[in-house]
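Inspection log for the structure reproduced underneath, given as structure tokens.
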Amino acid sequence: MPSSSSFLLLLLLLSREVWSYEAPEDKQDVFASRACPAFLSFTNAAYLAGVTVELPCRCKPQQVQSVLWFFRKHLGSSEETGALSHYHDNEQLDTGQVPHSDDLRSRFSIRLFSLLIFRTGPDDSGIYICGSAQKDFFYGYDLDVQEAHRISFTPRLAPERTGQKLMEIKSLSSSQPLYQVFTGFQPWTVCDRCGVRGEQVRVGLCYVRSQFLHVRYRRANQTVASCGSGAVPRAFGGLKQSRAEAKLEVRSCQVTCPPRPPPSSKLLTLMAFFGLSSASVPVEVPVFYLNHPTGHVLTLGCPGARADMAVAWDRGSEPIYRSEHLGGGNIGAEASRLQIDAGHHLVFKPAKLQDTGVYCCWLQGRPAAQIRLLVYLHFGRGQSVTSHPDFLTAINTVMISYAAMTTVFFLLVVVRAGVRCLRHVE
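Under the working numbering, residue 450 is the last one in the sequence shown; the count climbs by one each step, no gaps.
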């Protein structure tokens, strides 16, 4: 029987993409058809803490070949605006390589004029401006990162009630209030797995409705902004004490997997030659290899995942559910060492030797990638072999094996001597 590697090679050679190539179509320059506003305004964007945020530079002059991003806090002055220089180039595009908790300058990357911020936190809230080295400002964002302190779980998929509102408005006064605070929920994600029990996630963020919001901050609804937005007047001092908190809801689900498209006739002929059935065709997903030292925080991200997507994690064939490993909020119990944060990352706090294995991630209910993780023992400065917790167990195993082999050796010597004595006697 030919090896599996040769079988996969034949499958690759029979694929249509290997023998055909189509040149990409010329795309229109989006910056040529969009002019920058004469008066700089800020687009309000709210996210849950832990997600990876992408802020695209939606306009710039055509002659500008590179951009800089500037950042300042909401309550900071213009003198406190700092430039996020792109000294990382594109080395930080892999979320697993980004430090788990560090300042903003070690968690961002600029790619195709867009600003990527990995694993955002509440301290990352502020004003982000796309500009040039000559301090020309093109486009601005008002970023509000909220942390979920309330996490609720629904064991079974409950039917949706007709007329159920996704927004819960909480008035702060009885007659014509200056502002109203409510929680705006995003739609439920699709089931993150198929064929087995999965989960759905819904995010609720804090918003404020008022007629007195700052006009420089642009929103789809000019009377609504996120609670941490710079558009909220400072006169609303009691907003932070009475604001609705961000929420994260998780519920169970189970859907059937859609049928896969039938393989080509050439592939069926080849499989019939090897005595295989069409059901034995493997699902083609990219495979990644990662080595990580033990005792350090490790974060795994699913390639291609975004904040609004459904992401699931498995270790081998064992699912890892959020209801058992969800971190990033006060859920009433001590967080486990293995967590799934709000940004869909699989976090090891810290990684241990027993975490070595194969991890699979699902994206929008389909297998997306496979990560083969190897956690190795790393001895740093000031550490020795004797400091390892399994050192005594290893010594005992070696001594017992040595004693057993010595006993077997002496028994063989005694038996050999006895056989010689019997031969001399005869």
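Ideal placement from N, C-alpha and C gives every residue a C-beta, glycine not left out.
Within a 10 Å sphere around the beta-carbon of residue 281 sit fewer than 16 other beta-carbons, which makes this residue exposed. By the neighbour-count criterion, in which 16 or more other beta carbons inside 10 Å mark a residue as buried, residue 425 falls on the exposed side. A contact between stretches requires three or more CB pairs, one per stretch, nearer than 8 Å, and the segment 305–322 fails this requirement with the segment 237–248.
Measuring C-alpha to C-alpha distances from residue 168 to each of 341, 161, 71 and 402 identifies 71 as the nearest. Inclusion of residue 217 and residue 336 in the CB contact set at 8 Å is warranted, their separation being smaller than that value. Judged by DSSP in its simplified three-state form, residue 87 adopts coil rather than helix or strand.
Assignment of residue 417 by DSSP, reduced to helix, strand and coil, places it in the helix class. Put simply, of 226, 327 and 317 the residue whose alpha carbon is nearest the alpha carbon of residue 277 is 226. DSSP links residue 245 through a beta bridge to no other residue. Take residue 59, set aside five residues on each side of it, and the residues of its chain with a beta-carbon closer than 8 Å to its own are 83, in chain order. Sequence-distant Cβ neighbours of residue 222 in its own chain, meaning closer than 6 Å and more than five residues away, are 215, 216 and 277. When DSSP states are grouped into helix, strand and coil, residue 426 belongs to the helix group.
If you look at residue 135, you'll find it in the beta strand (DSSP E) that goes 132–135. Across the set 75, 371, 289 and 414, the C-alpha of 371 shows the shortest separation from the C-alpha of residue 349. In the DSSP assignment, residue 342 falls within the unbroken beta strand (DSSP E) covering 342–344.
According to the DSSP assignment, residue 176 belongs to the beta strand (DSSP E) that extends over 172–178. Annotation: residue 149 is outside any beta strand (DSSP E) and is labelled neither H nor E by DSSP.
Taken through DSSP and simplified to helix, strand or coil, residue 223 comes out as strand.
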